[in-house]
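Quick notes on the structure that follows.
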Amino acid sequence: MVGTNQSGKALWTRVYKYFHTYKDFTSDRDYKSLQQQWGKICLATNHFCGLIAQIENRPPSGGNQQDKGLLRLNVRLV
-14 MVGTNQSGKA LWTRVYKYFH TYKDFTSDRD YKSLQQQWGK ICLATNHFCG
36 LIAQIENRPP SGGNQQDKGL LRLNVRLV
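The numbering used here numbers the first residue of the sequence shown as -14 and each following residue consecutively.
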């Protein structure tokens, strides 16, 4: 178990070691490139979550609470 007081470099070095231990493809990524890719994934995920929040907060015209619940169910199934 690792505490929360580790440096950023220590965290990404651990990620690097784990990535290269368990990957099943060729890759020469260093810990910085893994960190950059993770940043891109986080930005895209946050953008997606924001879009879902907008959809949930603006049901279609004529929609009701039941429709909003069905929308949430459909989004979670995707």
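Heads up, the beta-carbon is just placed ideally off N, CA and C, and yes, glycines get one too.
**OP:** With distances taken Cα to Cα, identify the nearest neighbour of residue 22 among -10, 37, -11 and 0.
**Re:** Reading the sequence shown from its first residue, position 37 is the one you call residue 22. It is 0 whose Cα lies nearest to the Cα of residue 22.
Original post:
residue 16: buried (16+ other C-beta within 10 angstroms of its C-beta) or exposed?
Top reply: For the purposes of this step, residue 16 is identified with residue 31 of the sequence shown, where counting begins at 1. Looking at its Cβ environment, which holds 16 or more other Cβ atoms inside 10 Å, residue 16 is buried.
Original post:
DSSP state of residue 46, grouped into three classes?
Top reply: Indexing the sequence shown from 1 puts residue 46 at position 61. Note: residue 46 maps to coil in three-state DSSP.
Original post:
DSSP state of residue 4, grouped into three classes?
Top reply: Locating residue 4 in the sequence shown gives position 19, where the first residue counts as 1. DSSP places residue 4 in helix when its eight states are reduced to three.
**OP:** Answer yes or no: do residue 4 and residue 19 have a C-beta to C-beta separation smaller than 8 Å?
**Re:** Position 19 of the sequence shown, counted from the first residue, corresponds to residue 4. Position 34 of the sequence shown, counted from the first residue, corresponds to residue 19. Contact flag set, yes.
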